[in-house]
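**Q** After the C-alpha cells below, expect a handful of questions from me.
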Amino acid sequence: MSKTNSILNLIGIQDEHIKLIEKNPIKTSDPNEIIYATLTYQPQGCCKCGIKNDGSIIIKYGTKTSRITLSGLEKNRYLVLKKQRFQCKACGQTFIAQTSVVDKYCYIANQVKRKSLDLSRETICKTTNARLCHISEATVQRICNAEALKYKGYGQRLPSNIGIDEFRYRNQTMAFDYIDNDSGNILGILPNRRIKDIKDHFYNRYNLKERKKVQTVTTDLNAGYIHMIPELFPNATIILDRFHLVQLMVRALDRTRIKVMNRLKKGNNTDQKRYRRLKRYGKMLKLKSKDISFTDYKLYYLFGYFTAQMIVDKLLAYDELLKRTWEVYQCFMRAVDQRDGVAMSTLIHTNWSGISPFMRKSLRTLKKYSHLLTNAIESPYSNGLIEGTHNTIKRMTHNGCGYRNIENLSNRILIMNNLKTKSRKAVV
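Here the sequence shown is numbered in the working numbering, starting from 44 and rising by one per residue.
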C-alpha cells in the first residue's frame with residue numbers, strides 16, 4: 044500500500060479516484076488541518092443527456108475546488124478537493140466529478156454526518172454534538188431531520204401490538220406518542236394529546252384495513268384513550284398497564300399511612316414515637332408479603348433486633364384502618380403477581396369494610412374497568428418500553444437538550460429510538 048493510500052485510509056477516505064497532491068498534501072495550522080487532493084476519473088457517460096462515453100465524446104474541462112469538512116479529533120480537518128469538470132460534446136453540457144465521500148451540492152463529508160447521527164443517539168445536547176463534529180448546531184439538527192424522514196411518511200404499516208402514552212416536553216405541555224410493543228420502536232409523536240387530533244392522525248396516516256390488523260393496544264388509565272381505542276382499532280384488545288394499576292393501589296396505601304401519621308403526630312409521646320416509626324419504615328408496608336422476611340433478625344432504629352415481619356406487624360397494630368387497607372393492598376399484589384384474574388375479580392367485587400376512603404376510591408376505579416383487568420393481568424405486554432423511552436427523554440432534557448420546537452424534538456427521539464440493532468421482547 045502506498046503512502047498516499049495509507050493517509051487517505053487513515054482519515055476515512057476509501058474512494059480510489061481521490062489522490063493526494065504530490066507536494067505538501069497536508070498543512071497544519073492551529074486549529075485547522077487541511078488536506079489537499081484531486082478527484083478525477085473516466086466517466087461512463089454523460090449525466091445530462093445520458094450518452095455513453097467512447098473515450099472522446101466526453102472531455103476534461105477544467106476543475107472546481109471544494110473545501111469539505113472531515114471528521115477530526117482535536118483540530119478542524121478539511122479536505123480541499125480539486126474536482127474534475129467534464130464537458131459532453133454531444134449536448135455541450137458540463138458536469139462535475141462525484142465521489143462517495145460527500146453528497147452532491149454538499150460540503151460536509153458523509154463520515155461527519157454518520158458521526159453526528161451516532162452522537163444524536165446518546166443523551167447529549169446539540170452543542171456538544173456540534174463541537175465534537177466541528178459543525179454548527181443548525182447542521183446537527185438538519186442531519187437529524189433528514190434521517191428522521193426515513194421513519195415517517197404516510198401509508199406506513201402498523202404492528203400487531205402497540206402501546207400509547209404521553210410525555211411532558213415543554214412548559215408542562217403534554218405530547219402523545221405510540222410505539223411497537225414488540226421492538227420498542229417509536230411509530231409516531233404528536234404535539235398534543237387531544238383526542239380529536241389523535242384520531243385525525245390515525246385516520247389520515249393509516250387506512251381501516253391497516254388499523255384492523257392491530258391486535259392489542261396497551262394504555263394507562265386515561266379514560267379518553269380507553270374510549271378512543273375501539274373506534275380506531277376495531278379488532279384490538281385493550282390492555283391496561285399493570286404499573287399504573289399497582290401505582291393506584293400504592294398511592295392509596297401511602298395516603299392512608301400519612302393520614303394515620305398526621306393523627307399520631309398531635310398525640311402524646313407514645314403516639315409521636317409511633318409517628319416516627321411509620322415515617323421511617325413506611326416503605327416496608329409497600330413490600331409484597333412474600334418479600335418480607337420473618338427469619339432474619341436485624342438491628343432496626345427505633346425498634347431494636349427484630350425481623351422485617353415483626354416490624355410490619357407492629358406498624359399495622361397502630362391503626363386498624365391502616366391494617367385493613369394493607370390487607371386489601373396485599374390481596375391485590377398477590378393477584379397481580381400470580382396473574383390470577385379470578386382473584387382480582389373477587390377482590391374488586393367484595394364489599395370491604397374498615398378500609399380507608401382512599402383505598403375505597405381506588406377499588407371503585409378498578410371496578411369501573413373490571414372488564415379490562417383480566418387482560419391487564421394475564422397479558423405479557425405492558426407500557427414498560429414506552430416508559431423507558433420517556434426516561435431517556437427526561438435524561439436528554441436534563442442534560443440541556445431542551446427543545447422549543449416539538450418537530451425537532453420528535454425527530455431527535457425517532458433517531459435515538461430507531462437507530463438500534465437489537466429487537467427487544469415484550470416486557471412482562
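Positions of the beta carbon are idealized from the N, C-alpha and C atoms, including for glycine.
Are the stretch 448-459 and the stretch 176-192 in contact at 8 Å, needing three or more beta carbon pairs?
**A** Contact between the stretch 448-459 and the stretch 176-192 is present: 3 or more CB-CB pairs across the two stretches fall below 8 Å.
**Q** On a CA-only basis, which of Val257, Tyr268, Leu192, Lys118 is nearest Phe219? Give me that one, please.
**A** Tyr268
**Q** CB-CB under 7 Å to Lys103, same chain, minus the five flanking residues each way: which ones, in chain order?
**A** Gln127, Phe129
**Q** Helix, strand or coil, according to DSSP, for Lys465 in the structure here?
**A** Confidence in Lys465 is poor, its pLDDT being 43 and thus under 50, which makes the residue's placement too unreliable to answer from.
**Q** Would you call the CB atoms of Ser332 and Gln373 closer than 8 Å?
**A** The criterion of a C-beta distance shorter than 8 Å is satisfied by Ser332 and Gln373.
**Q** Per DSSP, what kind of secondary structure is Arg211 in: helix, strand or coil?
**A** strand
**Q** For a minimum of 4 consecutive residues, which ranges assigned as the alpha helix (DSSP H) are wholly contained in the stretch 208-272?
**A** 238-248, 251-254
**Q** Rounded to a whole number of angstroms, what is the C-alpha to C-alpha distance between His414 and Lys437?
**A** Roughly 34 Å separates the two Cα atoms.
**Q** Determine, using beta-carbon pairs with one atom in the stretch 383-397 and one in the stretch 293-303, whether at least three such pairs fall under 8 Å.
**A** The stretch 383-397, when compared against the stretch 293-303, does not touch it at the 8 Å Cβ threshold.
**Q** Quick one, which of Ile272, Asp243, His287 has its alpha-carbon nearest Leu264's?
**A** That would be His287, whose Cα lies nearest to the Cα of Leu264.
**Q** If you count every other CB in all the chains shown that lies within 10 Å of the CB of Leu192, and 16 or more means buried, which is it?
**A** exposed
**Q** Compute the Euclidean distance between the alpha carbons of Arg320 and Leu416, then round it to the nearest angstrom.
**A** 35 Å
**Q** Take the Cβ of His177 as the centre, count every other Cβ of all protein chains shown within 10 Å, and call the residue buried at 16 or more, exposed below.
**A** Buried, since its Cβ has 16 or more Cβ neighbours within 10 Å.
**Q** With a threshold of 16 other CB atoms inside 10 Å of the CB of Glu65, please say whether the residue is buried or exposed.
**A** Exposure of Glu65 is indicated by the presence of fewer than 16 other C-beta atoms within 10 angstroms of its C-beta.
**Q** Where does Glu59 fall in DSSP's three states?
**A** coil
**Q** Less than 7 Å between C-beta atoms, sequence neighbours within five positions excluded: which residues of the same chain meet that for Val293?
**A** Lys329
**Q** Under 7 Å Cβ to Cβ from Asp362, same chain only, skipping five residues before and after it: list those, please.
**A** Val303
**Q** Using the rule of at least 16 other Cβ atoms within 10 Å of the residue's Cβ for burial, across every protein chain shown, is Ala360 buried or exposed?
**A** exposed
**Q** Are the Cβ atoms of Val379 and Val289 separated by less than 8 Å?
**A** Yes, the Cβ-Cβ distance between Val379 and Val289 is below 8 Å.
**Q** Here's the rule: buried if 16 or more other CB atoms are within 10 angstroms of the residue's CB, otherwise exposed. What is Phe337?
**A** In the assembly as shown, Phe337 is an exposed residue. Its beta-carbon has fewer than 16 other beta-carbons within 10 Å.
**Q** Between which two residues does the alpha helix (DSSP H) carrying Cys176 extend?
**A** 169-176
**Q** Does DSSP classify Ile420 as helix, strand or coil?
**A** helix
**Q** What does DSSP give as the partner residues of Gly206 in its beta bridges?
**A** Ile222, Thr261
**Q** So for Asn305, helix, strand or coil by DSSP?
**A** helix
**Q** Using the C-alpha atoms, what's the distance from Glu450 back to Ala80?
**A** 39 Å
**Q** The beta strand (DSSP E) that contains Leu124, what's its start and end?
**A** 119-131
**Q** Does the separation of the CB atoms of Leu113 and Ile207 fall below 8 Å?
**A** no
**Q** Spell out the partners DSSP gives Lys341 in its beta bridges.
**A** Phe349
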